[in-house]
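Undergrad: Per numbering that gives the first Met the number 0, the sequence shown runs over residues 0 to 185. Heads up, the beta-carbon is just placed ideally off N, CA and C, and yes, glycines get one too.
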Amino acid sequence: MRVISGEYGGRRLKAVPGDSTRPTTDKIKEAVFHMIGPYFDGGNVLDLYSGSGSLGIEAVSRGMDHAVLVDSNYKAIQIIKENIQMTKEPDKFTVLKKKDRQALAELESKGTAFDLILLDPPYALQEISDIINELSSKKLISPKALILCETDKSIELPQRSAGMEVIKEKVYGTTKITVYEAGELS
């Protein structure tokens, strides 16, 4: 696993040991960023189910200003911190060891809105529509935000959710990538 492109391109990333996480493959990661970018002109990214931190680190490597990387697994948090050290720019990252909804409550209190939100929850625990609604109600979605969802290919997400509308959807093997774009937020 590595950073595909941008400032940290080619640098190796560590994966979380064991099978508690399902890392996004380099092939899917590259395809995903070509769907939504491939590069950014600043902004904040939230990786709510971060695992190794690979997607959030890739977003910063490609031009995002700051990433909030969230995971509730202790081993994942340790790997995220090690992967951030590889960037040599730890000030561009915030790591939260929290469950998704706890993290959203903390982020709401800080008043930060996100331009890119990455949702790759464990397949067995997917509540993506509820999470998008909560992101919206807590005003964590910026007016031009993209939300990228990684699910099993059998999962059907709604075309509209909390002012967000699906603009792209693509299947890679057993993985489906769905991209929402902010419309008029409610």
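Which whole-angstrom value is the C-beta distance of residue 159 and residue 85, which I expect to be below 8 angstroms?
TA: 38 angstroms between Cβ atoms; not a contact.
Undergrad: DSSP three-state label for residue 112, please.
TA: It is coil, neither helix nor strand.
Undergrad: When DSSP labels each residue in this structure, what does residue 169 get in the three-state scheme?
TA: It is a strand residue.
Undergrad: I need the DSSP call for residue 73, collapsed to helix, strand or coil.
TA: helix
Undergrad: Which of the three DSSP states, helix, strand or coil, is assigned to residue 138?
TA: The answer is coil: DSSP assigns residue 138 none of H, G, I, E or B.
Undergrad: Please classify residue 185: is it buried, with 16 or more other beta-carbons within 10 angstroms of its beta-carbon, or exposed?
TA: Caution is warranted here: a pLDDT of 41 is assigned to residue 185, below 50, making its placement in the model unreliable, and no coordinate value can be reported.
Undergrad: Rounded to the nearest angstrom, what separates residue 98 and residue 71 at their Cα positions?
TA: 5 angstroms
Undergrad: I'd like to check one pair, residue 140 with residue 116: are the Cβ atoms closer than 8 angstroms?
TA: yes
Undergrad: Are residue 95 and residue 51 closer than 8 angstroms when you measure CB to CB?
TA: no
Undergrad: Name the one or two DSSP bridge partners that residue 23 has.
TA: Answer is none; residue 23 lacks a bridge partner.
Undergrad: Would the beta-carbon of residue 78 fall within 8 angstroms of that of residue 145?
TA: no
Undergrad: Go ahead and label residue 81 buried or exposed: buried means 16 or more other beta carbons lie within 10 angstroms of its beta carbon, across all protein chains shown.
TA: Looking at its Cβ environment, which holds fewer than 16 other Cβ atoms inside 10 Å, residue 81 is exposed.
Undergrad: How would you write the range of the alpha helix (DSSP H) that residue 180 sits in, first residue to last?
TA: Per DSSP, residue 180 belongs to no alpha helix (DSSP H); it is in the beta strand (DSSP E), 174-181.
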